[in-house]
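Asks: First, the structure itself, so that you have it in front of you.
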Amino acid sequence: MTHQPVEPSSNRATRLFGDLLEDLIDAVVNSPGRALAERRAAFAAEPMAGAPGAFAEKVRRRAYSVTDADIDSLRRDGMNEDAIFELTIACAVGEAYSQLQAGLKAIGGRP
Amino acid sequence: MRLTILERGQRLRARVAIRMIGLISRTKPDDIARIALYRPGIFGSPFMRLMREVMRGGSDWTVGERELFAAFVSRRNSCTFCTGIHCHVASIASGREMTVDLLDDWMSAPFSEPVKATLGALAALKDSTGAPIPEAVSAARHAGVSDQALSDALHVAFMFDVINRLADVLGASYEGDVGRRLTAAGLYRHGYQVPSWFLR
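Protein sequences appear in the order of chains E and U.
The first sequence stops at residue 118 when you use my numbering, and every number in between is there.
The second sequence stops at residue 268 when you use my numbering, and every number in between is there.
In structure tokens:
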């Protein structure tokens with residue numbers, strides 16, 4: 008799995024954030040686990056079929072509206088709790104990273 | 069919480085950490101800590117290192133201003149849990165009561181011009197109701213906000229774009245208003261510091 012790397016910056020703080028951010032993303036998309044393929048797809052906001060796809064879209068766009076029924080639909084789809092945990096993290100970090108890139112681009116920094 | 073693994077599936081060292089957090093904060097342990105401590109190699113360990121640096125490391129922004137940005141982003145994401153907690157952390161850190169009304173009415177709130185302009189840039193990035201992004205960034209620069217300070221604020225937004233989603237999806241909660249304030253006070257005192265042993 009590859010992602011757009013955080014470009015080096017001459018600024019100390021941004022460079023430090025960038026290094027720590029790289030560590031976080033590497034952990035989310037490369038750590039071994041129950042749902043590695045789903046995690047990678049969710050991080051990159053790639054289309055996903057069925058209940059995981061619907062769930063991922065909701066986490067990205069309207070996380071506040073997620074209910075027990077959304078989690079239950081993943082269970083019925085065969086996902087165990089570890090896989091659901093992983094999928095949720097990948098959706099959250101992926102969407103936040105996408106918004107961060109847009110913000111950094113707006114101030115002229117390379118994402 | 070919505071996943072039983074976060075309540076009853078934690079390994080021993082995480083259970084010790086959760087117990088300590090509860091004792092220190094004198095309320096139900098912060099559910100975000102439960103999330104960070106569960107299989108920390110996949111998320112919590114790198115996330116908390118970044119959190120500590122973004123929220124408490126060197127920056128042009130004070131701790132109170134960063135907590136205000138955290139509360140503001142949480143409000144924009146409609147995350148009641150994080151808005152409530154970080155409003156109170158911002159109140160403690162700044163010595164001025166922060167409320168949801170001030171977050172909603174930020175344009176006329178008694179914030180400094182650089183803070184207001186930065187909120188404008190965050191608002192523009194979060195949704196289409198703010199000024200267009202280039203104008204908002206330009207306004208922030210005009211108010212004296214450096215690009216580094218804007219980048220720092222964007223990183224605060226990143227952290228809470230993640231946490232808000234995890235809190236809402238995984239079902240984070242606090243025990244009433246007293247629990248909210250105690251959790252916030254604990255976060256303020258300990259500044260997101262989790263001993264690395266717990267996150268290994």
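No residue lacks a Cβ here, since even glycine has one placed at the ideal position from N, Cα and C.
Predicted model, so just to flag it, every value in this text is computed and none were measured.
Cβ of residue 69 of chain E versus every heavy atom of the ligand NAP: is any distance shorter than 8 angstroms?
Replies: In the structure on display, the ligand NAP does not appear, and there are no ligands present to speak of.
Asks: Taking only beta carbons into account, state which residues of the stretch 134-150 of chain U come closer than 9 angstroms to chain E, listed in chain order.
Replies: Within the stretch 134-150 of chain U, the residues whose Cβ lies closer than 9 angstroms to some Cβ of chain E are 145, 146, 147 and 148, listed in chain order.
Asks: Please report whether the beta-carbon of residue 260 of chain U lies at a distance below 9 angstroms from any beta-carbon of chain E.
Replies: No - not a single Cβ of chain E is within 9 angstroms of the one on residue 260 of chain U.
Asks: Would you identify the three-state DSSP class for residue 113 of chain E, choosing helix, strand or coil?
Replies: Correct three-state label for residue 113 of chain E: helix.
Asks: Is it right to say residue 129 of chain U is buried, meaning 16 or more other beta carbons lie within 10 angstroms of its own, or is it exposed?
Replies: Buried, because 16 or more other Cβ atoms sit within 10 Å of the Cβ of residue 129 of chain U.
Asks: By the 10 Å Cβ neighbour count, where 16 or more other Cβ atoms means buried, how is residue 31 of chain E classified, buried or exposed?
Replies: Per the 10 Å Cβ criterion, buried.
Asks: Taking a Cβ distance cut-off of 9 angstroms, strictly less, list which residues of the stretch 215-227 of chain U are near chain E, in chain order.
Replies: Under the 9 angstroms Cβ criterion, the stretch 215-227 of chain U contributes 215, 216, 218, 219, 220, 221, 222, 223, 225, 226 and 227.
Asks: Measure how close the beta-carbons of residue 47 of chain E and residue 87 of chain E come, nearest whole angstrom, since I'm counting them as under 8 angstroms.
Replies: Not quite, the Cβ-Cβ distance comes to about 18 angstroms (not below 8 angstroms), so this is no contact.
Asks: Determine the chain E residues that contact residue 186 of chain U at a beta-carbon separation under 8 angstroms, and present them in chain order.
Replies: Ordered by position in chain E, no residue passes the 8 angstroms Cβ test against residue 186 of chain U, which lies about 11 angstroms from the chain.
Asks: What are the residues of the stretch 86-113 of chain E that lie near chain U, defined by any Cβ-Cβ distance shorter than 8 angstroms?
Replies: Listed by position, the residues of the stretch 86-113 of chain E near chain U (Cβ gap below 8 angstroms) are 88, 89, 91, 92, 93, 95, 96, 98, 99, 100, 102, 103, 104, 106, 107, 109, 110, 111 and 113.
Asks: To the nearest angstrom, how far is it from the Cα of residue 52 of chain E to the Cα of residue 103 of chain E?
Replies: So the two alpha carbons sit approximately 11 angstroms from each other.
Asks: Does the beta carbon of residue 153 of chain U come closer than 9 angstroms to any beta carbon on chain E?
Replies: No, residue 153 of chain U does not count as interfacial toward chain E.
Asks: Would you kindly report the start and end of the unbroken alpha helix (DSSP H) that includes residue 122 of chain U?
Replies: 112-124 is the span of the alpha helix (DSSP H), which, as asked, contains residue 122 of chain U.
Asks: Residue 62 of chain E lies in the alpha helix (DSSP H); which residues open and close that run?
Replies: Residues 57-69.
Asks: Which residues of chain E have a Cβ atom closer than 8 angstroms to the Cβ of residue 251 of chain U, listed in chain order?
Replies: Those within 8 angstroms of residue 251 of chain U in chain E number zero; the least Cβ separation is about 19 angstroms.
Asks: Which residues in chain U have a C-beta closer than 7 angstroms to the C-beta of residue 38 of chain E? List them in chain order.
Replies: Per Cβ cutoff of 7 angstroms: 109 and 110.
Asks: Can you pull the chain U residues whose beta carbon is under 9 angstroms from the beta carbon of residue 115 of chain E, in chain order?
Replies: 205 and 215, listed in chain order.
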